[in-house]
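Everything below concerns the one structure shown next.
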Amino acid sequence: MKTIGLITDFGNKDWYVAEMKLMIRSLCDVEIVDITHEIDEFDIDKAKFLLLQANRIMPEHSVTIAVIDPGVGSDRKSIVLRSGNKYFIGPNNGIFDYITDIKSECFQIKEETFSEVSNTFHGRDIFAPLASKIICGENTDKYITPCECRGKGMKNPTVKDNLIIGQVIYIDKFGNAITNIDHTYYEDIKRGNIIFGEEKIEFVNSYSESSGRSAIFNSSGFLEITSYKGEYSENLKIGEVVQIEVRRHM
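Under numbering that gives the first Met the number 0, the residues of the sequence shown are numbered 0 to 249, in order.
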């Protein structure tokens, strides 16, 4: 099944998502997956993490369109990123940082080759038509040209002596603070003590085991700080200098 995924900050109140879908379906018979439309307006940091998840869950040969685009209509560039056999389309404003690596291929979109382009809705007028052309196997040489891939990547935890120091990279709707510490550190974390701020918290294997603040590896393989049935994110921000320290027994 040909599949196009959508990630936007449009929300579901207005007609913008529907207009993109109708444009896609007018050009190609394709399955459309709404990955999310609830990113906070212009929140590029959240978009980075959600695109990382899209790269994990979307099928081979799929195309994902990302429209978190505060610079639309300016001189900012837009790109097609190929990661393995998956394609991603959107503005070149940092949202693809976490999925860009040495194996990625990047192409700058020749925006001038598209007709009737609005200065405010490239998602409909450029990204949706181009995604349809890619997914349906059309030749796209007219619309894109190779360019250099530059992605900062996700910041790795700092490992020093008996400490693993990470940071919050995403906060989900339940208030779970997801960190950049992945499952490769599982054995160290299971044997060690987890210090969050000034507080020592327990490591659990399921949300129901938690009696308060705790740490757990989520279904995406990242360590998160959670409070069962309660929000834990009131004073947290992505990238804030609030560190998670996992003390390892030597």
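Ideal Cβ placement from N, Cα and C applies to all residues, glycine included.
Treat the numbers as computed from the prediction; the structure is a model and nothing was measured.
- For the region 87-94 against the region 66-75, are there 3 or more C-beta pairs whose distance is under 8 Å? Enough Cβ pairs lie closer than 8 Å, so yes.
- Task: Measure the alpha-carbon distance for I125 versus V116 and round it to whole angstroms.
- Result: For the pair I125 and V116, the Cα-to-Cα distance works out to about 7 Å.
For this session: Output yes if chain B places a C-beta closer than 9 Å to the C-beta of G152; else output no.
Result: In the structure shown, chain B cannot be found, because there is only a single protein chain.
*Is Y142 helix, strand or coil by DSSP?*
In the structure shown, Y142 sits in coil (DSSP, three-state: anything other than H, G, I, E or B).
Hey, could you find the ends of the alpha helix (DSSP H) V16 is sitting in? 15-26
Problem - From V167, K199, G191, residue whose alpha carbon lies closest to that of L222 - result: V167
Could you check whether the region 143-161 touches the region 101-120, counting it as contact only if at least three pairs of C-beta atoms, one from each stretch, sit closer than 8 Å? yes
Query raised in the report: Mind checking whether N54 and I98 have CB atoms under 9 Å apart?
Result: yes
Determine the contact status of S77 and H121, defining contact as a CB-CB distance below 9 Å.
Judged by their CB atoms, S77 and H121 are nearer to each other than the 9 Å cut-off.
Once DSSP output is grouped into helix, strand and coil, what is the label at K189? Of the three classes helix, strand and coil, the one that applies to K189 here is helix, per DSSP.
- Per DSSP, what kind of secondary structure is R123 in: helix, strand or coil? Annotated three-state conformation of R123 is helix, per DSSP.
**Asked** Apart from the five residues on each side of it in sequence, which residues of its chain come closer than 8 Å, Cβ to Cβ, to R123?
**Response** The residues are Y15, E18, M19, M22, S117.
In the structure shown, what three-state DSSP assignment does F95 receive? coil
**Request:** Take L50 and list the residues in its own chain whose beta-carbon comes closer than 8 Å to its own, dropping the five residues that flank it on each side.
**Result:** I6, T63, A65, F87, I94, F95, Y97, I98
On the criterion of 16 or more Cβ atoms from any shown chain inside 10 Å, does I38 qualify as buried, or is it exposed? buried
So, do the region 200-218 and the region 174-189 have three or more beta carbon pairs nearer to each other than 8 Å? yes
### Query
How about C27 and K141: do their beta carbons lie closer than 9 Å?
no
Note down the Cα distance separating I163 from V79, rounded to an integer number of angstroms.
35 Å
ask   = Hey, how far is the Cα of G174 from the Cα of C135?
value = 39 Å
### Message
If I follow the unbroken alpha helix (DSSP H) through N11, where does it start and stop?
### Response
Run containing N11: none; DSSP gives neither H nor E here.
(request) Rank D44, G4, E40, R81 by C-alpha distance to the C-alpha of M57 and give the top, closest one. (result) Comparing C-alpha distances from M57 to each of D44, G4, E40, R81 shows the shortest one belongs to G4.
If you run the structure through DSSP and keep just helix, strand and coil, what is S209?
coil
Practice prompt. Report whether the distance from the Cβ of D100 to the nearest heavy atom of the ligand ATP is below 8 Å.
Written response: This structure simply doesn't include the ligand ATP, nor any ligand for that matter.
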